[in-house]
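Engineer:
Protein chains: 6
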Amino acid sequence: MSKFPWQDRPENSNDVLWRYDENPIIDRYAIPTSNSIFNSAVVPFEDGYAGVFRCDNKAVQMNIFAGFSKDGINWDINHEPIQMKAGNTQMIDSDYKYDPRVTFIEDRYWVTWCNGYHGPTIGIAYTFDFKEFFQCENAFLPFNRNGVLFPQKINGKYAMLSRPSDNGHTPFGDIYISYSPDMKYWGEHRCVMKVTPFEDSAWQCTKIGAGPVPILTDEGWLLFYHGVINTCNGFRYSVGAAILDVNEPDKVKYRTQPYMLGPAEMYEMAGDVPNVVFPCAALHSHEENKLALYYGAADTVTAMAFGHLTEIIDFIKKNSL
Amino acid sequence: MSKFPWQDRPENSNDVLWRYDENPIIDRYAIPTSNSIFNSAVVPFEDGYAGVFRCDNKAVQMNIFAGFSKDGINWDINHEPIQMKAGNTQMIDSDYKYDPRVTFIEDRYWVTWCNGYHGPTIGIAYTFDFKEFFQCENAFLPFNRNGVLFPQKINGKYAMLSRPSDNGHTPFGDIYISYSPDMKYWGEHRCVMKVTPFEDSAWQCTKIGAGPVPILTDEGWLLFYHGVINTCNGFRYSVGAAILDVNEPDKVKYRTQPYMLGPAEMYEMAGDVPNVVFPCAALHSHEENKLALYYGAADTVTAMAFGHLTEIIDFIKKNSL
Amino acid sequence: MSKFPWQDRPENSNDVLWRYDENPIIDRYAIPTSNSIFNSAVVPFEDGYAGVFRCDNKAVQMNIFAGFSKDGINWDINHEPIQMKAGNTQMIDSDYKYDPRVTFIEDRYWVTWCNGYHGPTIGIAYTFDFKEFFQCENAFLPFNRNGVLFPQKINGKYAMLSRPSDNGHTPFGDIYISYSPDMKYWGEHRCVMKVTPFEDSAWQCTKIGAGPVPILTDEGWLLFYHGVINTCNGFRYSVGAAILDVNEPDKVKYRTQPYMLGPAEMYEMAGDVPNVVFPCAALHSHEENKLALYYGAADTVTAMAFGHLTEIIDFIKKNSL
Amino acid sequence: MSKFPWQDRPENSNDVLWRYDENPIIDRYAIPTSNSIFNSAVVPFEDGYAGVFRCDNKAVQMNIFAGFSKDGINWDINHEPIQMKAGNTQMIDSDYKYDPRVTFIEDRYWVTWCNGYHGPTIGIAYTFDFKEFFQCENAFLPFNRNGVLFPQKINGKYAMLSRPSDNGHTPFGDIYISYSPDMKYWGEHRCVMKVTPFEDSAWQCTKIGAGPVPILTDEGWLLFYHGVINTCNGFRYSVGAAILDVNEPDKVKYRTQPYMLGPAEMYEMAGDVPNVVFPCAALHSHEENKLALYYGAADTVTAMAFGHLTEIIDFIKKNSL
Amino acid sequence: MSKFPWQDRPENSNDVLWRYDENPIIDRYAIPTSNSIFNSAVVPFEDGYAGVFRCDNKAVQMNIFAGFSKDGINWDINHEPIQMKAGNTQMIDSDYKYDPRVTFIEDRYWVTWCNGYHGPTIGIAYTFDFKEFFQCENAFLPFNRNGVLFPQKINGKYAMLSRPSDNGHTPFGDIYISYSPDMKYWGEHRCVMKVTPFEDSAWQCTKIGAGPVPILTDEGWLLFYHGVINTCNGFRYSVGAAILDVNEPDKVKYRTQPYMLGPAEMYEMAGDVPNVVFPCAALHSHEENKLALYYGAADTVTAMAFGHLTEIIDFIKKNSL
Amino acid sequence: MSKFPWQDRPENSNDVLWRYDENPIIDRYAIPTSNSIFNSAVVPFEDGYAGVFRCDNKAVQMNIFAGFSKDGINWDINHEPIQMKAGNTQMIDSDYKYDPRVTFIEDRYWVTWCNGYHGPTIGIAYTFDFKEFFQCENAFLPFNRNGVLFPQKINGKYAMLSRPSDNGHTPFGDIYISYSPDMKYWGEHRCVMKVTPFEDSAWQCTKIGAGPVPILTDEGWLLFYHGVINTCNGFRYSVGAAILDVNEPDKVKYRTQPYMLGPAEMYEMAGDVPNVVFPCAALHSHEENKLALYYGAADTVTAMAFGHLTEIIDFIKKNSL
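Protein chains in written order, with the numbering used here: chain U, -8 to 312; chain Y, -8 to 312; chain X, -8 to 312; chain E, -8 to 312; chain P, -8 to 312; chain W, -8 to 312.
#1: Tell me the rounded alpha-carbon separation between Ala77 (chain U) and Tyr89 (chain E).
#2: Consider the Cβ of Ser171 (chain Y): report whether some Cβ of chain U lies at a distance smaller than 8 Å.
#3: Use the C-beta contact count for Phe131 (chain P): other C-beta atoms within 10 angstroms, 16 or more gives buried, fewer gives exposed.
#4: When you compare only the Cα positions, how much space is there between His277 (chain E) and Leu252 (chain U)?
#5: Have a look at U:Ser31, U:Gly231, U:Thr94 and U:Thr118 and flag the residue whose alpha-carbon is nearest the alpha-carbon of Leu140 (chain U).
#6: What residue ranges within the stretch 256 to 303 of chain U form continuous beta strand (DSSP E) runs of no fewer than 3 residues, ordered along the chain?
#7: Looking at the unbroken beta strand (DSSP E) that takes in Tyr167 (chain E), where does it start and where does it end?
#8: Quick check: the Cα distance between Gly42 (chain Y) and Ala272 (chain Y), rounded to an integer number of angstroms?
#9: Per DSSP, what kind of secondary structure is Lys309 (chain X) in: helix, strand or coil?
#10: Going along chain U, which residues have a C-beta under 8 Å from Gln52 (chain E)?
#11: Is the beta carbon of Trp194 (chain W) sitting closer than 8 Å to the one on Val183 (chain U)?
#12: Which residues mark the beginning and the end of the beta strand (DSSP E) in which Gly63 (chain Y) is found?
#13: Can you find a C-beta in chain P that's less than 8 Å from the C-beta of Val292 (chain X)?
#14: Please state whether the Cβ-Cβ distance between Pro(-4) (chain P) and Asp62 (chain P) is less than 8 Å.
#15: What does the alpha-carbon distance come out to for the pair Arg181 (chain E) and Ala150 (chain E)?
#16: Use the C-beta contact count for Thr301 (chain P): other C-beta atoms within 10 angstroms, 16 or more gives buried, fewer gives exposed.
#17: Label Asn135 (chain P) either buried or exposed according to how many other C-beta atoms from any shown protein chain fall within 10 Å of its C-beta, with 16 as the threshold for buried.
#18: May I ask which residues mark the beginning and end of the beta strand (DSSP E) holding Pro91 (chain W)?
#19: What separation, rounded to the nearest whole angstrom, lies between the Cα atoms of Leu235 (chain E) and Leu152 (chain E)?
#20: At which residues does the beta strand (DSSP E) containing Glu179 (chain W) begin and terminate?
#21: On a Cα-Cα basis, can you pick out the residue from U:Ser4, U:Glu256 and U:Phe59 that is closest to Ile22 (chain E)?
#22: DSSP puts Pro111 (chain Y) in a beta bridge; with which residues?
#23: Straight-line CA distance for Tyr228 (chain W) to Glu97 (chain Y)?
#24: I believe Ile166 (chain Y) touches Arg154 (chain Y) by the beta-carbon criterion, under 8 Å. Please report the beta-carbon distance rounded to the nearest angstrom.
#25: Between E:Phe306, E:Lys175, E:His109 and E:Gly298, which lies nearest to Lys281 (chain E) when the distance is taken from Cα to Cα?
#26: For Phe189 (chain E), I'd like the list of residues in its chain whose CB is within less than 8 Å of its CB, leaving aside the five on either flank, ordered along the chain.
#27: If we cut at 8 Å on Cβ distances, does Arg10 (chain U) have a partner in chain E?
#28: Classify Gln242 (chain P) as buried or exposed, calling it buried when 16 or more other Cβ atoms lie within 10 Å of its own Cβ.
#29: Just grab the DSSP bridge partners of Phe215 (chain P) for me.
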């Protein structure tokens, strides 16, 4: 059993999510070739944790790397990127890979990421051991980003959230869900959440995208997501959360009007892309009522925040749009 | 048996495609509510022809209408748009419908079109009689346009060309193919054709999109497509053609460097969107060695052009990029 | 009493507005210096008609000129632009003048136009004889266009429609109303009509602006206005109409979903700015149940259309959004 | 009598304006709901100071809050935004409120701010006690920002500076003045100051806007203003000053070529909008020859700077464009 | 001696430049491969005329072709583009060639054109017979267009006008002059003419570029040039003229405020790029007081206009900015 | 003989270039008028060093200043900008000067910089003593930046690298070389290096520009250059290096795929233009195997980095694209 990474809320804080006081947990130069390590995903694995990490190298090429940790905080990241083998297809072209998510379904770990195939789309792979990875057919046509699998089948089908995009710094974006009987063919696409009107909640008025793998709770699926406002000096990414219906996850039960975490620390406000907090993974323990959120900061480093699951759900319900 | 719509090549012409001399065949105000009728699709039906027509009304709302013709040239278009019934889904939302294509596969006529579901995507429906239409799941997530089915299954699966887009006047666009076992879930997405470098063939350097349903020939699938150049005064749409491999249609065998039909007549150069010729349908007769191409002109009216199949294929092979 | 300019509806037409068959009534080169004459305003005057005409010269400088006509169709336009004298202010700077409207209130003719004062704003002047014109304070701060006075005071105050803009080819624009006790200070600004969602009525989804001076009818104020759609090849301007409440003209009772006149003739589709019909003036006779609409075509020439007042109002009510 | 907030110039400094060494004086999270507190206004009130504060909440909704201070540096800001009552109108709609200014004229405190009514325009309200606020008609049509009243009538009329804008991150902007006999109807609009050519003074070459309420001095009206340069990485806001003619305040007597305060401290260079110093209020004492300037930093926090009035005026005159 | 191509002014015309009544003189499909033939240059040659013609082929690749004519109106254009031989360099790369000008200096004909070398720049070649062409070093770094040689050395050096540009549909552009001792190295760059303020002469407020080779007259160098205004529906190109000082041709003596020829005929308003008249060549006879201007229309066809030299010069002087 | 400015590599570092630990060496306010001092050039001079410094003043006007140092680290910069005298021309207009480079050729020091003459182009001057400077003809037509001379003639001609640009925040840019027999006329322009495809090396995929004067080594010319990536929050400038062929310097022998120095320190990530490291000068000693690189940080301050020449060349060769 893995020890849950945790730090209590500071005494003077009322925040529902609070930062780890030794952030960032992973520095931009943590492996020899890296320019930045951020927007990465972790899961419990064996007696500790495993993860898939976005490491841009110093040519600013984007790729994903496996890594391991005993405590979820201190990480050993491989120095070589993941080499994919053929899964349900021979077509495993990839110009680049970034922003991975990882989840365990039935018998294996599934990885999704933003895969470069004539533009960004959603790549899928599975692994049993974080050593061998088997790449499958891309889920969708380009252009798409932020593909996030649910951690179990819904009505007998795999379900994936995604964010249709364009081929550049997409200035729009809503969250959709799609279903698949077999992880190869996808359909039944439904719109789940759209950006909000500026007057209602400006931090999420430009684009939004699913963050970590949704967490099943008594209230429904707990989904952290990022939202973006376009200021006169660029995009600003913050973190909010929603509760989706358990069986019909295209139905949004609650959704935060305020953000839950916004760029405010120097490692979030300065870096390769200033003013970004971008959540990609979360560990949770219903027993301990704990959540540990992993997020990229300023597209440069990896940081953590913590919260109590019940408080988080309570906050979302009380501050819902 | 339907009489093939036809007009011989003018004496002084060497063109491989030549225009009908009474173009446009359908005027912008051909039905009482219409602002424009263009980018429409026809197929042989009973002893004549049936079609699905894009008619924008005078509120400039886009919708598709059924129509019928004895000779393929003179058309009776219904005054009310097609009312869809539920096909393989209850989700038949549609903010708008435009640019239909029609083809017969096995036992029924399939219609694809650009369907408004939180932006443009590919709608699918079938009909047996052009009276009742049954709408199916959208093929893809938005944003997509120019979804064109192959007229038969390929390797046991339905195959569709499409052109991933953005949510506006997309300034980019390539042609992809996707497969489906059941017309509901789609995957195995492959890039088929991309825009050309400006220096190589400028008329198709901004975006391209599949036109009529591909025609099976001895050389492979004959695909007419539109290409766009972005001049300082806007987009200019022309018509070219390609030959795709019969069994692996993501492989392009030939593709025209010159366009085959460009905006040059006044009804193509002036209208709601000047300088557009946009092919959406073609009738063909291998026996008579004839092809009749239907195209929208200036996004306003519908026009026709003719050619001999063997000459067309010969032209494509001799003028290939 | 002026003879009303008129031509009966063509036999084969069901249009509620129909074009004059000798359009354009004023050619682009009608005066020696002109490049184009369009977006002009006329009123009954003495035993005929007078008008204020936008004539851009061959340096493409925009100015307004007085003109006179016996029949409202054949016009003599002065060869020199209007020279303003000081009205209620000494500040009569003007970098350019365009798109005039004219109306008679109480004892004089008021002219409003788009006036260049550090960008476009609404200029105001009055005349008693169309020989001497007295310029008043600009109504608003820049940037504004399409300022249109009501032909009588409302609740004891002058009332003006306008369309706040930016300093270029404004890609947005709604119609507002403002009030003034004295034609010098303006306030009580209210939004009257906004653009429509693309799905509801696309021809007016980009920007709208008031056209001729509103006409008092039993149903309320009849307001023709222009609406704009942004196609991939530029703006397209059409004509619609609304009925505003008599006493609270910021309340819209009816508003046409379809356009009533769209660019379709060659002199509307080709010219300095293709695909523009832009109404600036209308003559009406309740007795004869006639309306004569003056509009600029392709920002190049001036044209006319006709209709029966009762049919027009009936059309608006039956085709209201 | 209020104690003037003050800190002497640091020994090693020659700056005409110097920063408070405990900046920022108001943190972004100073009230429970706030994301940021900046661009706020203060005035002497009773034996201390009162103010109106822009607090964006964590939904990034913009609103204004009353606050109080004994020393002008340590502030108690209400946790609830100002609830307006009807002043000279029933129309007190407001989608959002930001960037307030406050001044005392004759018998009451007047507040102006950027008011959301179909886009930004200038809202006006008055209060006698900073408890009850009475909202009046908006001064202008949208789109406008940075409305700043003069602290006394000029030639018998209220006078307001403003900056006509567009509906987004306006990339242009000059300062105008308008007059009103009654705070309801406004006219006599004049251009006061425009942006400078890049070669002459680049920090103010993109847009400018009035800052604090002008201060009457022997030389004329002392006006601090912000200027913006558009770098390849976004807008950069600095502070300059001008002297306007006392009786004809559209006449600029002097205007600084160099900025007087530019973003240089970390709390000015990093935050929600990096590289912004934005002045909205100033306290002054002619007797003590002191000025205290309040400014927003990085659109995130509130900071102060100090200077001697005579030095400031001397600087402006010696460094005038 | 060549017969001068000519047609008298129409009786009802007062225009200083009037069109040939059988325009266009060269159709878009005049050679088998062409999509359009326009922006071409002619000179007297032997007992008739020779020229270099821009023919875009149906792949919309731009190239230049030699052609010959007895009367300057009816042209035989080679079906193959000019094949360059090495002149003063081996580096004769060219991705594309367009918009040629031709002039005779001392012993040979010099051709300049827009040459594709990593973007548009100015290509130079010479010929003695319009059969063999020898390509020289490009005059300038990219990006440049509209390079036009003076027909004789000035102060012992070759002189060339050009228009620095960017790598796309350049939305700016002024005319410069550069000098060379040897047609290989260029320097002494001076600005000659800039765009005009919108208020002064709007048709030339966006960009300008030299047209035909300047003509030496008693008043100085007569330079026809094109000017562009950016309307809401795209660029509009017109023709104006200037007189440059004979010995210091960077000094502009006169320059027309009005245009002399603007798009007004259907072949100028409709075509691949609507609303373009673009002059590239002129024949003149001081003896006969005649000028024949060749211009591209709508970037599609070639047309002619005529005028009397003395009237033209008189017009320029009387209508100078 | 000057003492070489130097600091050994930190013990824990493997970097081929490492920063000076007291960076920045020149503060933004180092002279009384300055807003920022960056992108500056230094050379050995007498028994120490001289330099030409870009100092933007507080009006944000760009100019160049001479400065002197004993150790290359501590600098005395003149308080007045360089006043040019006429060199090989009387035309020494200059709206602004920035980003200087300096090199010694034969008998004098040559300075090149970005010179404002109707937009940015390359200015040239020479000096013998850093007191008197003689301005020559601009090398090129606008628009150009980053003009860098080679430190000796190549094949008997002066050689200059430059980066053709546009008139704004150029979003493109490649490095070219041009030759001159006399520092007055320039030609034989060749493309040297272009931006890289995003997938190959993203940090240099938007634009690149030559940095310090190239250094002659056994392998060829060592050229440091800057590369730019366009993130969603603006441009990010990093430093790479290339080896050019000694005799044919338009031939690139090696070029780094990874950057060698990227913005990572706070003085590089925050400032007037965040995320900029921009190299303009380098000192080297083959004997001591040392290189000292001067670079602008955040367009605000000047910083230094160090490296061993052999290691640098080895790194370039091993990490070449």
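Virtual Cβ for every residue (Gly too), placed ideally from N, Cα, C.
Structural biologist: On the basis of the data shown:
#1: 56 Å
#2: yes
#3: buried
#4: 45 Å
#5: U:Thr94
#6: 268 to 276, 281 to 288 and 292 to 298
#7: Ile166 to Ser171
#8: 9 Å
#9: helix
#10: Glu190, Asp191, Ser192 and Ala193
#11: no
#12: Taken as a continuous stretch (DSSP letters only), Gly63 (chain Y) belongs to no beta strand (DSSP E), as it is neither H nor E.
#13: no
#14: yes
#15: 11 Å
#16: exposed
#17: buried
#18: Lys88 to Ile96
#19: 12 Å
#20: Gly178 to Met184
#21: U:Ser4
#22: Y:Gly107
#23: 59 Å
#24: 6 Å
#25: E:Gly298
#26: Cys196
#27: no
#28: Per the sequence presented here, residue 242 (chain P) reads as Lys, with Gln not at that position. That one is exposed.
#29: P:Ala232
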